[in-house]
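Quick note: the first sequence uses the UniProt record's numbering, first residue 1, plus one each step. These notes are about the structure you will find just below.
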Amino acid sequence: MHDPRALVDMGADAVRRLARRGYTLDLEGLEDLLSRRNKSIHRADELRAESKRVAQEVQSAARQGADTGELKQRARDIKDEIRDVEAEQEQLAGRLNELMLGIPNLPLDTAPDGDSEDFAVEVRRHGDPPTFAFPPKDHVDLGEALGILDFGRATKLSGPRFSVARGAGARLERGLAAYFLDLHTRRHGYVEHSVPFLVTPATMTGTGQLPKFEEDLFKTGTNNRDLYLIPTAEVPLANLHAEEILDAGDLPLAYTAYTPCFRSEAGSYGKDTRGLIRLHQFAKVEMVRFCAPEESQRELETMVGHAEACLAGLGLPYRVVTLAAGDMGFSAQLTYDIEVYLPGQGRYREISSCSDCGTFQARRARIRSRDKDGKRGLVATLNGSGLPIGRTVAAILENNQRADGSVVMPPALVPYLGFHTIAADGTPQV
RNA sequence: GGAGGGCUCGCCUAGUGGCCGAUGGCGCCGGUCUUGAAAACCGGUAAGGGGAAACUCUUCGUGGGUUCGAAUCCCACGCCCUCCGCCA
1 MHDPRALVDM
11 GADAVRRLAR
21 RGYTLDLEGL
31 EDLLSRRNKS
41 IHRADELRAE
51 SKRVAQEVQS
61 AARQGADTGE
71 LKQRARDIKD
81 EIRDVEAEQE
91 QLAGRLNELM
101 LGIPNLPLDT
111 APDGDSEDFA
121 VEVRRHGDPP
131 TFAFPPKDHV
141 DLGEALGILD
151 FGRATKLSGP
161 RFSVARGAGA
171 RLERGLAAYF
181 LDLHTRRHGY
191 VEHSVPFLVT
201 PATMTGTGQL
211 PKFEEDLFKT
221 GTNNRDLYLI
231 PTAEVPLANL
241 HAEEILDAGD
251 LPLAYTAYTP
261 CFRSEAGSYG
271 KDTRGLIRLH
281 QFAKVEMVRF
291 CAPEESQREL
301 ETMVGHAEAC
311 LAGLGLPYRV
321 VTLAAGDMGF
331 SAQLTYDIEV
341 YLPGQGRYRE
351 ISSCSDCGTF
361 QARRARIRSR
371 DKDGKRGLVA
381 TLNGSGLPIG
391 RTVAAILENN
401 QRADGSVVMP
411 PALVPYLGFH
421 TIAADGTPQV
């Protein structure tokens with residue numbers, strides 16, 4: 001969310017930047033609504049001040065034994081008027097809030113033009129796509145042949161877009177999670193958290209999923225409580241400090257959590273229906289950082305580095321791209337995607353998304369800081385995947401497959417797995 | 001699910017209808033003193049809205065209500081604690 005005043009002051013520049021992501025800002029409408037709300041606030045303030053004065057007069061009149069009947073009547077009249085003005089004020093404030101909650105973050109000018117992934121600009125590449133002396137299989141064929149992935153039974157249990165991992169496959173998932181968490185906590189300075197997977201509407205609003213994207217979420221309504229399943233650990237992690245004032249000296253804060261993620265994938269019918277790429281439930285290690293707003297762009301570079309370290313450590317070829325202004329998430333002002341090479345598809349696919357949200361989420365969730373001089377301000381929030389387990393499993397299987405159908409594990413992972421190869425029959429080779 | 005107790009400005013705490021946006025202590029910040037530090041003493045120290053500013057309004061868990069006037073009275077809800085039941 002933006003400060004409505006700041007948006008109005010930015011004027012045409014705000015309109016231009018929002019237009020880059022396909023949002024048409026009605027600047028005059030906003031200005032008008034803001035000024036009407038402010039006038040209403042001012043009027044209500046005046047009336048309340050008057051009402052206080054009259055109450056004082058009643059008291060002093062009563063002390064002197066004078067008749068208070070007339071004064072009391074006047075106070076009652078003022079109260080009625082206050083009621084009316086406050087109702088108007090509430091209505092205007094509600095409309096303004098609703099409008100503000102629906103305006104996406106302002107893309108930085110460093111984000112390229114465009115409205116889809118086709119306009120992403122490559123920043124750098126790491127590693128080379130492997131070459132095979134045989135036609136490489138995709139992770140579904142590999143995983144099912146090895147008996148470590150079972151999509152058929154997942155569908156039996158829950159319908160499409162779910163997965164079951166078995167034996168060495170399940171162990172691979174668990175090992176990856178431990179590997180990523182160790183990397184972030186021991187080498188990158190993140191504090192590991194274990195967080196709720198069900199959160200309130202207010203929490204979902206803090207990070208920007210609500211009110212606009214409810215259809216992307218799974219919702220529960222048990223015992224008259226509306227709770228949503230988290231689509232990413234970014235939601236509980238970034239909201240940890242909602243309504244708080246952090247000590248500026250403690251920044252930056254770096255948090256990580258390993259959680260399942262639940263996404264309805266509404267509107268993606270027929271897209272990536274095969275395999276581990278797009279599921280209703282997947283597991284992910286997430287990174288979240290809180291920092292001073294002026295540090296956020298540098299912090300984003302740092303965080304991308306942490307995500308890259310995950311891939312580099314596993315020996316997976318990847319590239320980093322800057323997302324186009326119109327392709328970024330609602331809360332982001334700049335996003336880098338990391339794409340891993342998938343031999344089964346013969347191309348790079350998104351495996352991590354690292355976003356600088358500036359103060360956009362902090363204003364929604366009211367996450368502030370106070371420096372030594374007592375000066376208060378909003379913090380900046382950043383989030384990045386580091387990394388999703390399913391897509392990483394797919395990348396390892398496809399990149400490390402051998403002609404006989406066996407798969408070699410990345411050396412860095414061996415201590416976490418207890419085996420170095422998954423044999424063609426699915427047996428882990430110690 | 002049942003019974004009781006609680007929720008005040010970072011923490012603890014005073015406050016049972018008006019001069020209370022709210023007492024005191026701790027903590028924190030600044031100053032005096034000191035070679036420096038500690039101690040002592042003095043001063044400051046909640047958040048938010050509106051306003052260029054002066055200033056003003058709101059907030060004592062949340063929402064309603066009574067009243068000219070509510071931290072204080074009434075109602076509902078939420079959260080926390082203790083005990084009972086159930087449960088991983």
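We treat Cβ as the ideally placed atom computed from N, Cα and C, and that holds for glycine.
Helix, strand or coil at residue i [DSSP, three-state]
{"i": "Lys219", "result": "strand"}
{"i": "Phe282", "result": "strand"}
{"i": "Leu311", "result": "helix"}
{"i": "Val320", "result": "strand"}
{"i": "Tyr228", "result": "strand"}
{"i": "Leu198", "result": "strand"}
{"i": "Arg298", "result": "helix"}
{"i": "Phe132", "result": "coil"}
{"i": "Ser139", "result": "Just to set this straight, residue 139 is His in the shown sequence, not Ser. Of the three classes helix, strand and coil, the one that applies to His139 here is helix, per DSSP."}
{"i": "Thr259", "result": "strand"}
{"i": "Met287", "result": "strand"}
{"i": "Val340", "result": "strand"}
{"i": "Val235", "result": "helix"}
{"i": "His193", "result": "strand"}
{"i": "Thr335", "result": "strand"}
{"i": "Leu183", "result": "helix"}
{"i": "Gln91", "result": "helix"}
{"i": "Leu30", "result": "helix"}
{"i": "Ala266", "result": "coil"}
{"i": "Leu96", "result": "helix"}
Beta-carbon gap between residue i and residue j smaller than 9 Å
{"i": "Glu398", "j": "Gly344", "result": "yes"}
{"i": "Leu229", "j": "Phe197", "result": "yes"}
{"i": "Arg161", "j": "Leu25", "result": "no"}
{"i": "Gly206", "j": "Ala242", "result": "yes"}
{"i": "Leu240", "j": "Ile396", "result": "no"}
{"i": "Arg391", "j": "Phe282", "result": "yes"}
{"i": "residue 436", "j": "Leu413", "result": "Nothing about residue 436 can be reported from this structure: the residues present for the chain run from 1 to 430 only."}
{"i": "Ala380", "j": "Gly358", "result": "yes"}
{"i": "Pro211", "j": "Gly127", "result": "no"}
{"i": "Ser385", "j": "Ala307", "result": "yes"}
{"i": "Tyr258", "j": "Ala177", "result": "yes"}
{"i": "Leu316", "j": "Tyr341", "result": "yes"}
{"i": "Glu31", "j": "Val8", "result": "yes"}
{"i": "Glu265", "j": "Asp216", "result": "yes"}
{"i": "Ala332", "j": "Pro112", "result": "no"}
{"i": "Gln401", "j": "Pro129", "result": "no"}
{"i": "Leu92", "j": "Arg36", "result": "yes"}
{"i": "Tyr255", "j": "Arg289", "result": "yes"}
{"i": "Pro428", "j": "Ile422", "result": "yes"}
{"i": "Arg166", "j": "Leu149", "result": "yes"}
{"i": "Val123", "j": "Tyr348", "result": "no"}
{"i": "Leu387", "j": "Leu311", "result": "yes"}
Opening and closing residue of the beta strand (DSSP E) in which residue i lies
{"i": "Ser355", "result": "Arg347 to Asp356"}
{"i": "Arg124", "result": "Val121 to His126"}
{"i": "Leu246", "result": "Glu244 to Asp247"}
Bounding residues of the alpha helix (DSSP H) (the contiguous stretch that carries residue i)
{"i": "Tyr23", "result": "Where Tyr23 is concerned, there is no enclosing alpha helix (DSSP H), given that its DSSP letter is neither H nor E."}
{"i": "Phe151", "result": "Phe151 to Ser158"}
{"i": "Val164", "result": "Counting along the chain, Val164 falls outside any alpha helix (DSSP H), and DSSP gives it neither H nor E."}
{"i": "Val430", "result": "It is not in any alpha helix (DSSP H) - Val430 carries neither H nor E in the DSSP assignment."}
{"i": "Pro4", "result": "Pro4 to Met10"}
Proximity to residue i [Cα-Cα], best of the options
{"i": "Ala324", "options": "Asp109, Thr68, Ala145 and Gln73", "result": "Asp109"}
{"i": "Leu146", "options": "Tyr416, Val408, Pro415 and Val414", "result": "Val408"}
{"i": "Gly267", "options": "Asp141, Phe213, Met287 and Ala309", "result": "Phe213"}
{"i": "Ala248", "options": "Gly377, Ser163 and Ala154", "result": "Gly377"}
{"i": "Leu18", "options": "Val304, Glu286, Gly329 and Leu276", "result": "Gly329"}
{"i": "Gly346", "options": "Ala170, His139 and Gly384", "result": "His139"}
{"i": "Gly326", "options": "Gly114, Ser264 and Asp77", "result": "Gly114"}
{"i": "Tyr190", "options": "Glu286, Ser51 and Val8", "result": "Glu286"}
{"i": "Ala292", "options": "Phe119, Asp371 and Glu122", "result": "Asp371"}
{"i": "Asp38", "options": "Asn105, Pro4 and Val121", "result": "Note that residue 38 is Asn in the sequence shown here, rather than Asp. The shortest C-alpha separation from Asn38 is found at Pro4."}
{"i": "Asp141", "options": "Val430, His420, Pro428 and Asp404", "result": "Asp404"}
{"i": "Thr302", "options": "Gly159, Arg187, Phe119 and Thr220", "result": "Arg187"}
{"i": "Arg225", "options": "Asp77, Thr200 and Asp337", "result": "Thr200"}
{"i": "Thr322", "options": "Gln401, Pro236, Thr68 and Ser353", "result": "Ser353"}
{"i": "Gly418", "options": "Asp182, Pro410 and Ala424", "result": "Pro410"}
{"i": "Gly11", "options": "Gly29, Met1 and Asp80", "result": "Gly29"}
{"i": "His42", "options": "Glu88, Val195, Ala168 and Asp150", "result": "Glu88"}
{"i": "Pro236", "options": "Glu244, Arg274, Leu276 and Val195", "result": "Val195"}
- Task: For the segment 342 to 424, list the alpha helix (DSSP H) runs that are entirely contained and at least 4 residues long, ordered along the chain.
- Result: Counting whole runs of 4 or more residues, the segment 342 to 424 contains the alpha helix (DSSP H) stretches 360 to 365, 389 to 399 and 414 to 417.
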